[in-house]
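Which chain is which? The protein sequence lines are X and G, in order. Each number in the working numbering corresponds to the 1-based position in the first sequence with 469 added. Each number in the working numbering corresponds to the 1-based position in the second sequence with 25 added. The C-beta atom is built at its ideal place from N, Cα and C for all residues, glycine as well. Owing to the predicted nature of the structure, the values given are computational and were not obtained by experimental measurement. Input: a single structure, listed below in structure tokens.
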Amino acid sequence: MGTVRKLKGPRKEEQLVPDKAELLGQAREAMNTGSPAAAVRCYEEFRAVGGIFSAGEHVSAAKAYAAAGSDALALRHLVRIVDRHDSTYATWLAASRTLDTLPESAFESLSRRLTVVVLSTWNTREYAQFLRLAAARCGIAVSVLETPYGQYFNFPLDSTSELYAHEPDVVVLCPDHRATGVKVSLESPEGALHYHVQRWQLVWDAIRRHSGATIIQLGLALPAFDEFGHLGGGIAGSKSQMLRDLNLALAREARARDIGFVDTDAIAAQFGKAAWFDDRNWYWAKIALSSRALPVLARHSAAVLAARMGLSRRCIVLDLDNTLWGGVIGDDGLAGIRLGGGPDGEAYQEFQRTIKALSDRGVILAVCSKNDPKIAREPFLQHPEMILGLEDFAVFEATWEPKSAAIQRVAQLLDLGLSSLTFVDDNPYEREQVRTALPDVDVLDLPDDPAGFAAALAAYPYLELSSFTAEDRERGRQYRARGAARQLKEETTSLAEYRSQLNMVATLSPVDPINLDRAVQLINKTNQFNLTTRRRNREEVVQLLARDDVEIFLSRLRDCFADHGIVVVAIGIQDGTSLEIDTLLMSCRVIGRELERVVIDEMVERARRRGCTEVRGWYLPTERNALVADLYARAGFQLVDSLEGGATCWQQAVGRTSDVIDFIKVERS
Amino acid sequence: VEHERPEEAVMNDIKIDEKLVEIFHTVFEKDDLRLTASTTAADVEGWDSVAHITLIFAIEEEFGFQFSTSELENIRNVGDLQIVIEERGR
């Protein structure tokens, strides 16, 4: 009957051998007697001996670190509770309270700082607190400001309201179904729907008119019952159908208008609507949902916010044994691993299908397995039940090194930051090793039973897209092509030869309605090859397009392996007789092709046509863009200014010719 | 569920559950907060209507029951909370 599973780490019941429990007890005791430094030592030892923190212990550890003055580590423990299944309302509460006590310096490691205003039809005080914690988990330090609930329709329309006085970077719109005023409309369902959709869009239009804030619209959680009962779904104009149509229309319109949308109804359904809604809370506290549902809503809101800010994860790094199939290929062999037949074999297969579906919509896949590289590939080449093939992976790392080292190599090979990666492994000890060694890598906690793997990945919200463009669909293929291109680089002897064999074609084009989304996406997520890292939302880009002192263009790149899509955004702004390069960025997938030289030449040419005498450009250093510190120097620009903190200004006279880039053919569209 | 209101003298005999005290410590972030049955919102810094909601949510989760609307209306002090917890809590 039962097969013997080979486990790579001790089983769950061994996780809390007495000495570990003792360490936690000592830590508590140390805190009670006012010695946080001693408590911190206990927690570090607990981790060192392979202890796995529960949600509550993360909060206790955070308090100890905070009291001992290690604020950044305190924050790291606090944000762990956001994804934990054993986090309760009390855990979220204690973690939020502790977060509030941390000084500003604790948030230095987070990549964004945002002012978020919550506008709601219900009392969002608790939600707002939880949102702050959930956003910190996504790398965003937010100050959340609430407006009095019930001002949902008034404040946006009033340009003098406190909504705008806060100068928000983000407005989160939180309606609930009670505020829709939707009634049974059997006479004219379309007309009624149109009226309701317009009413909610009015709020978006007003916010867009009075501010440049990013808008996040929370959808409606729909009540499960209808006057017409089960027949309601089939009756045009029934309340349930009206609400469903309204929700769908909001989701569709939000996407069309570049507004973030949280599918509240889907997460409420997953949570269980009976547990999601709590009418007592509405009558008593004007809170639209149950206390237990508040953290769930905050967590998903933060994930959508992170996606809008370009902070989603882009690559899944997968373990193999007991993750993609049951058993250990090196020990059990092709015939021994469990995949396809049998209950857990089917579960592994479904997990592979879920991964494949993510890959099809643009998530990059990599393998990171402690294995012999040849044996690790066998299932992909020979097992008939495999869903994933070798061609689905951009990088295949099978070595005996620590996983953290292999993951770093995956990041280097793909030119991705560690904060773009999510590591997936069935073994909690490997997960903890990666978490400790590489805190920027996200780690998905898989359940013990493979039956739950597919659902755990499907419910993981940090691969969220902010928009979906043709580039997204192609991305996986492009990254795989890059792997192939790197091989060619190793095989050909000279760089010049390599470049000419690539047959590169750059296509320069203006920004149009079709490629606007992609341009905005690049502006908001490009970190490494980005001279100025100036972020702009869609509205701000549209405003630039209307100015006649602005040059803005994009570039695609294709080569003999792939069409890499739109990879460059360049913005120049005329300032007297010079054209200043406001933005010059390139997707990291085509770094090293010298495409930037084509782009700079184009900028110089545009300056000449404008009658400018020189082109100027700044390099503004960030933690991530050291790669381009000497870009202008390499392009033959002269240094004209440098500021404290490393910012440098470069200039080139129009008419001065640089080396011709003859290995990239330039086209225009 | 209505419960009888004990007199002040009886109130002071009510023993406050340790877990309830812990909840107060978390909500008001004061580990040295001392509670008696007659402690009211006026005696605790920060016990406003917002903190009250948080407090009730935390109690409900810890003790595994939900206050009815009428029970919520009749809470005057920590003793009242303790009485409902004893009646309804697990």
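Residues of the segment 803-827 of chain X whose Cβ lies closer than 9 Å to any Cβ of chain G: none.
Between Arg1016 of chain X and Glu1009 of chain X, the alpha-carbon positions lie close to 11 Å from each other. Residue-level contact check: Glu595 of chain X touches chain G, since one or more beta carbons of chain G fall below 8 Å from its beta carbon. For Asn999 of chain X, same chain residues with a beta-carbon under 6 Å away, outside a window of 5 residues either side, are Leu1054 and Asn1094 in chain order. Of the residues X:Asp645, X:Thr1052, X:Asp552 and X:Asp714, the one whose Cα lies closest to the Cα of Phe599 of chain X is X:Asp552. For Thr61 of chain G, the secondary structure class from DSSP, reduced to helix, strand or coil, is coil. If you compare the alpha carbons of X:Gly1086, X:Gln902, X:Gly1115 and X:Thr616 with that of Thr593 of chain X, the shortest gap goes to X:Thr616. Each residue's CA atom was taken as its position, placing Asp894 of chain X and Glu636 of chain X some 42 Å apart. Close CB contacts of Tyr534 of chain X within its chain, under the 7 Å cut and outside five residues either way in sequence, are with Val509, Leu542, Ala543 and His546 (chain order). Distance from the CA of Tyr929 of chain X to the CA of Thr733 of chain X, rounded to the nearest whole angstrom, comes to 15 Å. Looking at the DSSP output, Val912 of chain X shares a beta bridge with X:Phe892. In the DSSP annotation of this structure, the continuous segment of the beta strand (DSSP E) that includes Ser589 of chain X starts and ends at Arg581 to Ser589. For Gly660 of chain X, the enclosing alpha helix (DSSP H) stretches over residues Pro658 to His679. Within chain X, the residues Asn592, Arg594, Glu595, Asn750, Trp753, Ala754, Ile756 and Ser760 have their CB atoms less than 9 Å from the CB of Ile78 of chain G, given in chain order. A distance of 8 Å or more separates the beta carbons of Val910 of chain X and Ala835 of chain X. Close CB contacts of Leu763 of chain X within its chain, under the 7 Å cut and outside five residues either way in sequence, are with Glu595, Tyr596 and Phe599 (chain order). Here the segment 985-1003 of chain X makes contact with the segment 934-942 of chain X; the two share three or more CB pairs at distances below 8 Å. Fully enclosed alpha helix (DSSP H) runs of no fewer than 4 residues occupy 733-740, 742-745 and 748-754 of the segment 718-766 of chain X, in order along the chain. In the DSSP assignment, His50 of chain G falls within the unbroken alpha helix (DSSP H) covering Glu43 to Phe53. Leu562 of chain X belongs to the set of residues whose beta carbon lies under 8 Å from a beta carbon in chain G. Neighbours of Ala535 of chain X across chain G, judged by C-beta separation under 7 Å, do not exist; the nearest C-beta is about 12 Å away.
At a cut-off of 8 Å between C-beta atoms, Ala67 of chain G does not count as an interface residue with respect to chain X.
By the beta-carbon neighbour count (other beta carbons within 10 angstroms, threshold 16), Asp1051 of chain X is buried. With a minimum length of 3 residues, the unbroken runs of beta strand (DSSP E) contained wholly in the segment 516-595 of chain X fall at 581-589.
Scanning G:Ser63, G:Ala66, G:Glu43 and G:Ala67 for the CA closest to the CA of Asp56 of chain G turns up G:Glu43. Identification of chain X residues near Thr64 of chain G by a Cβ-Cβ cut-off of 8 Å yields none; the smallest Cβ-Cβ distance measures about 20 Å.
Contacts between Thr502 of chain X and chain G, judged by CB atoms closer than 7 Å, are missing: the closest CB pair is about 12 Å apart. Under the Cβ criterion of 8 Å, Tyr558 of chain X is counted among the residues facing chain G. Among the residues of chain X, those whose CB is under 8 Å from the CB of Val75 of chain G are Arg594, following chain order. With fewer than 16 other beta carbons inside 10 angstroms of its own, Arg1103 of chain X counts as exposed. Straight across, the Cα-Cα distance linking Pro692 of chain X with Trp673 of chain X is about 25 Å. In the same chain as Leu60 of chain G, and ignoring 5 residues on each side of it, the C-beta atoms closer than 7 Å to its own belong to Ile41, Val46, Phe49 and Val103, in chain order. In this chain, the alpha helix (DSSP H) harbouring Phe849 of chain X covers Pro842 to Gln851.
Of all residues in the segment 566-582 of chain X, only Arg566, Thr567, Asp569 and Thr570 come within less than 9 Å of chain G when Cβ atoms are compared, listed by chain position. Along the segment 80-102 of chain G, the positions whose C-beta sits under 9 Å from a C-beta of chain X are Ile81, Phe82, Ala83, Glu85, Glu86, Glu87, Gln91, Phe92, Ser93, Thr94, Leu97 and Glu98, read in chain order. According to the DSSP secondary-structure assignment, Leu642 of chain X is paired through a beta bridge with X:Leu588 and X:Gln686.
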